[in-house]
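With our numbering applied, the sequence shown corresponds to residues 128 to 398, in that order. Glycine is no exception: its CB is placed at the ideal position from the N, C-alpha and C atoms. Take a look at the structure below.
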Amino acid sequence: MATPQASGSSTREATGVRIPAPRHSWDPPAAPPPLVRTRRRRVREVLGTLMVLSLIPLVALIGTNLYLVNRLERIDGAFDGLRDRPAAAPGETILLVGTRPGGRDDVGWLAGVQSIESVMLVEVDEQGVSADVRSLPVLDGVAASARTGRPSQAVEATEAWSGRRVDHVLALDWRTFAQLAADNGIADTYRYGSPLAAQHDYLRAVLEGTLHAELRKQPLDLYRALSTVAGGAAVDDEWSLLELDRFVVHLRDLRSAEITFSTADPAAGSR
């Protein structure tokens, strides 16, 4: 005859494995787990939760970064075949080609039918707190070279005229400035083909409304501005993701008051 099992005891199967007996409502309460083990488990749970929470902003930042960069078009071969280039200078020098849709003067190295609205040489100082923007008359040799099928010809002509090495090429749809103006409640309007002085006044007003001191404290406004620019821009294919990120961070203290505009005289050459 089998010996009855006491409440809360266990049995062994033929295999020798110990199987706990089922508990009943009248059984005494089970012994609590050791206090040290409970504390360790809670610490692990808290650390795991904190780790997940800390990764959420990082993942969001990386995702936003990739989304914005993927919106940029790329300019292939902006520096192909260039020889005897000027030495690199402190800061960043950017050849900025402003475009407008349609027209006769197509820019062969950009997608779609684009015409030249402006050509500017943008020089950002080493600290990223000021910038000098020089507009080139659209009919001069440098601007004319921007209409060819090779962007490197525009770079070559700019470097020969200015004596300064072009670090990057940026093509920007002029409608981008109108969108920035609308985003920031700026009433100024612009007509294609306006004189350079009118271009400067318009750009100054748009940048003043965009690059305000509180922009860094308003992530949504900053994202909107970056998204607007990315949607209308094309950059040279040598401008890497890391360099783009560094450049944006480099300009975090740039304000519109520290951006000067001038009209360059190509005959004068380098300043």
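Shortest Cα-Cα distance from residue 258 to any of 390, 382 and 391 involves 382.
By the Cβ neighbour-count rule, residue 245 is buried, with 16 or more other Cβ atoms within 10 Å of its own.
One alpha carbon belongs to residue 292, the other to residue 216, and they sit about 7 Å apart. When 333, 324 and 300 are compared, the shortest CA-CA separation from residue 316 is found for 333. Closest option to residue 367, judged by alpha-carbon separation, among 314, 378, 294 and 329: 294.
For a cut-off of 8 Å, the C-beta gap from residue 310 to residue 355 is around 6 Å, short enough to register as a contact.
With fewer than 16 other CB atoms across the displayed protein chains lying within 10 angstroms of its CB, residue 238 is exposed.
Straight across, the Cα-Cα distance linking residue 168 with residue 376 is about 41 Å. Residue range 258-263 is occupied by the beta strand (DSSP E) that includes residue 260. DSSP places residue 360 in the strand class (E or B) of the three-state scheme. Annotation for residue 374: no beta strand (DSSP E) segment contains it, though the alpha helix (DSSP H) segment containing it runs 368-377.
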